[in-house]
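Protein chains in written order, with my numbering: chain Z, 324 to 635; chain W, 99 to 279.
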C-alpha cells in the first residue's frame, strides 16, 4: 500500500470503523510514520469530542463506591496476572464485520486479529496495555514494536507459551488473501527476530522492560528482556536512526541509578536491531538505557541517550 | 492523570466524578443495557487506575483516552452479543432516567460549553456525513450495518465516515485554535 492509502485509513480508524485486517496493516505503518501518528491523534481527539454531545447519565451511586473500593485493593500501574476470563472475552469478538472471516481454529482466544480488533490503534499508542489483557497483547506489541509505547510486565510462564503458540499458529495458518499473507509473513519475520527474546523469556526470572525514545529519536522503541538470575539479556529495538561511521549504540543496565555497560550494536537497514547479551545478574528492579557511543563502547555513558526504560 | 498514576485516590475520584456521566451515557447508547454499561464503566476505570502511569500525555488528551477506552470496551462487548439479541435489547430498553447527575457545577458548565462547540461544528457537516459518523462512533454500528440500515453501498458509507470526521476535525481546530478537552 502506498502512503496515501494508509492515510486514507486514519480517519476510519479514528472513527472506529476499520476491520482487523486493515487495522493490522495500518498499525505496522504507524510504527514508522510520525506524520500518520500525529494525524491519527488529531482525528481521534475530534472523534472523542463527539461524546460531549451526549446527554450525561449519572451512574448509580453504589457503582462509584464499588469502583473506589476496587482500586484501593490494587496498587496503581501494577501488572496483574493474566485473567483467563478477559482472554476468553477477546476470543468472542472474532468473526464479526464485513471482511472478517473466523480465524482458522476459530476459538483461539488469543488470536492476534481479535486483539488488534479489540484495541483502537490510538489507544495502543497512547497507553500501553499491560499483561492483564492477555499474553496475546504482548505478542501483538512485539509485532507492532514501533507503534506501541511499550510496557513492563512480570513474566509468567504463560507468556513464553503464548509467544510460541502464536508463532506456530502463524506458521500453520493459510493466507486468506494477498494482503493477509503479507501481514503474516511480516509478523513471522518479526517473531523470528524476537526469537532470542523468546529464549530469555524461558526463564522464570526474566523481566521485560519497555524503552521509549528520547527527544533525539522519539519514534524509537525497544523491549529488553533480562533474566536476573543469569544476567542473560535480549533486546529488540526499532525506529533508531542508523549509527554514524565509527559509532554504535550501547545498552546500559541501570541499578540504583548507576549505569553498567552492556554490549554495542548497530541497526539494520530498517532501523531495527536485536542483540543478546550478558549483563550483571542480580538486579531486582532493572532499568535500561541506550546511548550512542564510539564503536568499541564505553565503560560509562558519554554519548547522547536514545532510549530509556519507562520504569526509570 | 499523573496524580492518579501516583496512586492518589482523591485524584482518581475526581476523575470519576468529572467524566463518569459522559462515559456512562456513551456506554448506555452503545450497549442498550444498564447492567452491561455498569460493568464496562467499572472495567474502564480500573484500567485507567492501572495504566495511568503508562499514559503519555504528549500523545493525546486524557479525555480522548477515556472515551476511546470506554468505546472500545463497549464495542467489544457488543460484538459478543448476536444481532438478534442486540435488536431485542434495543427495543426493550427503558428510557434512561434524566441525569440526576452528581456532576460538580463547574464541570457541568464546562461540559455544556464544549457540547455547544462540538454541536456547532457538527452542524457544518453535510447531513449524510454527520449521520454516518454518529452512527459509527456514538452508536457503535459497523460500516456494513450502517450500509444495510441506510441502504447505501459500503464504499459510500466509508467515504462519508472518513470525510465527516476529517471535516469535523478541521472545523474544531479552526474554531478553537487547539481544542482543549
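Glycine included, every Cβ here is placed at the ideal spot set by N, Cα and C.
Quick caveat: nothing in here was measured; it's all calculated off a predicted structure.
With a contact defined as Cβ atoms closer than 8 angstroms, residue 573 of chain Z and residue 585 of chain Z qualify at about 7 angstroms. 118, 119, 120, 122, 123, 124, 126, 127, 136, 139, 140, 143, 144: these are the residues of the region 116-144 of chain W whose beta carbon lies less than 7 angstroms from some beta carbon of chain Z, given in chain order. Shown here, residue 630 of chain Z sits in a strand according to DSSP, grouped into three states. In this structure, the straight-line span from the alpha carbon of residue 618 of chain Z to that of residue 331 of chain Z is close to 42 angstroms. As the crow flies, the alpha-carbon of residue 325 of chain Z is around 13 angstroms from that of residue 353 of chain Z.
If the five residues before and after residue 237 of chain W are omitted, its C-beta is found closer than 8 angstroms to the C-beta atoms of 127, 128, all from its own chain and listed in chain order. When C-beta distances to chain Z are compared with 7 angstroms, the residues of the region 245-269 of chain W below that value are 252, 256, 259, 260, 263, 264, 266, 267, in chain order. Taking a contact to require three or more Cβ pairs closer than 8 angstroms, the region 331-351 of chain Z and the region 611-628 of chain Z do not qualify as touching. With contacts defined by Cβ atoms closer than 8 angstroms, residue 630 of chain Z and residue 570 of chain Z do not form a contacting pair.
Between the alpha carbons of residue 396 of chain Z and residue 135 of chain W lies a distance of about 22 angstroms.
Rounded to whole angstroms, residue 259 of chain W and residue 533 of chain Z show a C-alpha spacing of 35 angstroms. Within the region 528-592 of chain Z, complete beta strand (DSSP E) segments of at least 3 residues are found at 529-536, 544-550, 555-561, 570-578, 581-588, given in chain order. With respect to chain Z, the C-beta atom of residue 158 of chain W has a partner C-beta closer than 8 angstroms.
Contact note: residue 111 of chain W reaches chain Z through 391, using a C-beta cutoff of 7 angstroms and chain order. Contact of residue 213 of chain W with chain Z by beta-carbon distance below 7 angstroms involves 375, 376. Contacts with chain Z at 8 angstroms (Cβ-Cβ) do not include residue 226 of chain W. Within 10 angstroms of the beta-carbon of residue 358 of chain Z lie fewer than 16 other beta-carbons, which makes it exposed. Close CB contacts of residue 563 of chain Z within its chain, under the 7 angstroms cut and outside five residues either way in sequence, are with 540, 543, 572, 590, 594, 596, 629 (chain order). Distance from the CA atom of residue 105 of chain W to the CA atom of residue 147 of chain W, rounded to whole angstroms, is 8 angstroms.
Around residue 107 of chain W, the beta-carbon contacts reaching into chain Z at under 8 angstroms are 391, 394, 395. Scanning its chain for C-beta atoms nearer than 7 angstroms, with the 5 sequence neighbours on each side dropped, one finds around residue 256 of chain W the residues 241, in chain order. Around residue 169 of chain W, the beta-carbon contacts reaching into chain Z at under 7 angstroms are 339. Contact with chain Z is found for residue 241 of chain W, since one of that chain's Cβ atoms lies less than 8 angstroms from the residue's Cβ. When only Cα atoms are considered, residue 355 of chain Z and residue 383 of chain Z end up about 44 angstroms apart. At a cut-off of 8 angstroms between C-beta atoms, residue 627 of chain Z does not count as an interface residue with respect to chain W. Contacts with chain W at 8 angstroms (Cβ-Cβ) do not include residue 561 of chain Z. Per DSSP, the continuous beta strand (DSSP E) segment holding residue 616 of chain Z begins and ends at 610-617.
Each residue's CA atom was taken as its position, placing residue 168 of chain W and residue 556 of chain Z some 37 angstroms apart. The beta carbon of residue 219 of chain W lies closer than 7 angstroms to those of 266, 269, 270, 273 in the same chain, with the five residues before and after it left out. For the C-beta of residue 369 of chain Z, the chain W residues within less than 7 angstroms are, from N- to C-terminus, 263, 266, 267, 270. In the displayed model, residue 599 of chain Z falls within a strand according to three-state DSSP. For residue 216 of chain W, the uninterrupted alpha helix (DSSP H) segment begins and ends at 203-221.
Of W/150, W/245, W/212, the smallest CA-CA separation from residue 379 of chain Z is found for W/212. Boundaries cannot be given for residue 374 of chain Z, as no alpha helix (DSSP H) includes it and DSSP labels it neither H nor E. Residue state for residue 625 of chain Z is assigned as coil, using DSSP reduced to three classes.
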